[in-house]
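Contents: one structure, followed by commentary.
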Amino acid sequence: MSSERKLFGTDGIRGKANVYPMTGDIAFILGRAVTAYFQKFNRRNKQPLIIVGKDTRRSCYMLEQAFSAGVCAQGGEVVLTGPLPTPGVAFVTQSMRGDAGVMISASHNAFDDNGIKIFDAHGFKLPDEVEAELENLIENPHLLETKLGAQLGRAKRLEEVFGRYLVHTKSVFSPQFDLEGLRIVLDCANGAGYKIAPMMFRELGAEVIALGVDPNGQNINFECGALHPDRAASAVVKYRADIGICLDGDADRLVVIDEKGQVLDGDKVIGLFARHLKDSGLLKKDDKVVGTVMSNLGLEKYVQQLGLDFVRTKVGDRYIIEELRAHSSILGGEPSGHIIFQNLSTTGDGALAGLKFIEAMKFYNKTASELVSDIPLFPQVLRNCKVKNKPEFSSVPAIATALKKAETDLGDKGRILLRYSGTESLARVMVEGQDQKQINGVCDELVTIVGKELN
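Under our numbering, think of the first position of the sequence shown as 76, with each following residue one higher.
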């Protein structure tokens with residue numbers, strides 16, 4: 076069977092809610108397919124147990140019920156967590172000995188989008204070939220066995236889910252670690268972390284100024300959270316906070332704001348974590364730090380100066396995790412804020428990464444701004460361009476010619492990356508180099524040509 080996928084992108088299935096493929100019908104069939112697939116690996120010789128979490132979008136009610144109905148129709152047992160961060164769903168899947176976990180979320184997208192991403196029994200996102208098998212079952216539902224009578228499954232709600240996840244997260248830190256005396260601005264993006272993240276930081280002793288904690292089904296990610304940190308940055312200055320922490324809609328990414336109200340570059344945060352892990356003895360010479368094709372050249376050089384190797388992979392935290400597992404490495408991340416501590420979590424975890432940043436502040440006895448002041452990055456420009464189709468860039472003569480010219484102009488003082496979004500109808504144009512004016516011009520020219528040729 077081909078591993079080419081049509082429904083699944085870089086982070087599960089995603090699209091406009093109630094429009095193909097994010098319809099109740101597809102969610103129902105996907106529920107059946109997931110249950111049938113993981114039945115083959117059932118460790119308890121019982122009905123498959125599927126954990127289902129969600130963020131705060133209005134459409135989550137529809138998709139949660141449809142997917143759960145599909146699981147029950149195929150003879151599976153459903154445990155509903157309610158709104159819970161993506162890493163929380165992965166953890167609960169592991170801790171409850173589930174056969175699979177599902178998160179209904181479109182992460183950082185607007186409220187009228189939604190998505191479904193799937194975890195295996197160990198809390199890891201599925202590889203491409205498994206997603207291709209699920210697509211085959213969706214396209215050929217006649218392959219699914221019909222369950223009747225007592226073979227049908229049931230659904231129940233997990234009441235104590237917050238307590239489970241809080242205890243787990245706190246347990247990865249030393250018993251001496253606390254947040255006493257710290258004032259923290261925490262923006263939860265009106266998303267999945269709106270309730271549990273403030274609880275977590277307050278239980279550890281912090282004074283928390285909480286933003287983005289009033290979801291109404293339509294305001295997730297709206298002018299708040301990791302994609303819009305300006306409000307949190309202003310609050311850091313206003314309340315003289317020690318740090319600002321911004322999460323996205325499903326709370327798997329982190330954006331840090333220093334005590335001056337400056338938003339820290341995600342690659343600088345990863346660089347800090349690499350240094351902290353090395354100075355703590357958890358990373359040793361030649362150990363690998365995993366980034367992506369979007370990671371800044373400055374981060375790569377900084378990591379190498381620490382005596383560590385830097386490896387790049389495709390964009391998407393699941394590809395980072397696959398690379399981390401392949402090399403038995405600990406740290407990986409993306410400039411967008413997905414940061415994975417593979418010794419602590421199976422996926423990106425914004426709240427956990429925020430706590431690790433504060434742990435580094437205490438370790439070095441420095442402010443947030445001081446911690447990253449010695450990590451130099453190359454100027455980088457990233458622009459998005461709406462497209463109607465996604466051919467190989469090299470197959471479009473005008474784009475190929477413009478790209479070759481731009482690469483010649485930059486020489487060895489920069490790099491260019493053209494890629495498509497895995498979840499949206501966008502081309503992403505990234506240009507990096509030492510001369511800000513030059514890379515702005517190169518990027519503008521490429522965006523114009525890509526937009527003209529692909530629309």
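Note that CB positions come from ideal geometry on N, CA and C, so glycine has one too. As the structure is a prediction and not an experimental result, all values here were calculated from the model.
Cβ-based neighbour list, V312, same chain, cut-off 7 Å, excluding 5 preceding and 5 following: G336
Identify, in the order they occur along the chain, each residue of the same chain with its Cβ nearer than 8 Å to the Cβ of P304, setting aside the five sequence neighbours on each side. D262, G319, C321, V330, I332, V338
C-beta atoms of T388 and T85 nearer than 8 Å: no
Helix, strand or coil for Q169? Go by DSSP, reduced to three states. Here DSSP, grouped into helix, strand and coil, assigns Q169 to helix.
Going by DSSP in three states, Q455 sits in which element: helix, strand or coil? strand
C22 - containing alpha helix (DSSP H), residue span: Here the chain covers residues 76 to 530 and nothing more, so residue 22 does not appear.
V368 and F385 look like a contact to me (Cβ under 8 Å); what is the Cβ gap, rounded to whole Å? Not a contact, Cβ separation roughly 12 Å.
Report all residues from its chain with a CB closer than 7 Å to the CB of G508; omit the five preceding and five following residues, and keep chain order. Taking C-beta separations shorter than 7 Å and ignoring five residues to either side along the sequence, the partners of G508 in its chain run F453, P454, L485, K488, G489, I514, following chain order.
Less than 8 Å between the CB atoms is what I'm expecting for K463 and N418, so what's the real figure, rounded? Not confirmed; about 43 Å, so no contact.
What residue range is occupied by the uninterrupted alpha helix (DSSP H) comprising T367? No alpha helix (DSSP H) holds T367; the beta strand (DSSP E) holding it covers 363-367.
Going by alpha carbons, who is nearest to E210 out of A165, A102, E398? A102
What is the DSSP secondary structure of L322, reduced to helix, strand or coil? strand
Going along the chain, which residues of its own chain have a beta-carbon closer than 6 Å to the beta-carbon of T421, five neighbours each way excluded? A165, G198, F199
Quick check: what's the CA-CA separation for V236 versus R89? 26 Å
Taking 8 Å as the threshold (C-beta atoms), are E152 and R239 in contact? no
Thinking N296 and A185 are a contact (beta carbons under 8 Å), I'd like their distance in whole angstroms, please. 6 Å
Name the two residues that bound the continuous alpha helix (DSSP H) containing V462. Counting along the chain, V462 falls outside any alpha helix (DSSP H), and DSSP gives it neither H nor E.
Measuring only the C-alpha atoms, how far is L521 from G128? Annotation: L521 to G128 spans about 40 Å, alpha carbon to alpha carbon.
Beta-carbon gap between A196 and V109 smaller than 8 Å: Not in contact: A196 and V109 (Cβ atoms no closer than 8 Å).
Near L277, which residues of its chain fall below 6 Å by C-beta distance, leaving aside the five closest residues on each side in sequence? The sequence given here places Arg at residue 277; Leu does not occur at that position. Same-chain partners within the cutoff: V283.
In terms of alpha-carbon separation, which member of L124, V447, I396 lies closest to R232? Taking only the C-alpha atoms, the option nearest R232 is L124.
Can you give me the C-alpha to C-alpha distance between E234 and V525, rounded to a whole angstrom? 50 Å
Would C135 and I179 be called neighbours here (beta carbons separated by less than 8 Å)? At the C-beta level, C135 and I179 come within 8 Å of one another.
Host beta strand (DSSP E) of M505 (start-end): Where M505 is concerned, the enclosing beta strand (DSSP E) stretches over 501-508.
For F438, is the classification buried or exposed, using 16 other Cβ atoms within 10 angstroms of its Cβ as the cut-off for buried? exposed
Backbone secondary structure at T483 - three-state DSSP: helix
Where do the N-terminal and C-terminal ends of the beta strand (DSSP E) with T194 fall, by residue? According to the sequence displayed, residue 194 carries Phe and not Thr. That run of the beta strand (DSSP E) goes 188-194.
Counting only runs that start and end within the segment 261-334, where is the beta strand (DSSP E) found for 3 or more residues in a row? 282-286, 318-322, 329-332
Excluding five sequence neighbours on each side, which residues of the same chain lie with their C-beta closer than 7 Å to the C-beta of T131? P158, N265, G266, A267, Y269, P290, G292, I295
Taking D323 and L302 to be in contact with their CB atoms under 8 Å, please state how far apart those CB atoms are, rounded to whole angstroms. Going by Cβ atoms, the distance from D323 to L302 rounds to 6 Å, so yes, they are a contact pair.
Quick one: any contact between the segment 212-222 and the segment 144-151, if contact means 3 or more CB pairs under 8 Å? yes
Three-state secondary structure (DSSP) of V242: helix
Mind checking whether E434 and F252 have CB atoms under 8 Å apart? Contact: yes.
Can you give me the C-alpha to C-alpha distance between G300 and G429, rounded to a whole angstrom? 13 Å
Straight-line CA distance for D342 to L155? 35 Å
Distance check for S404 and H495, CA to CA, integer angstroms please. As written in the sequence, residue 495 is Tyr, which differs from the His given in the question. For Y495 and S404, the gap between their C-alpha atoms comes out near 28 Å.
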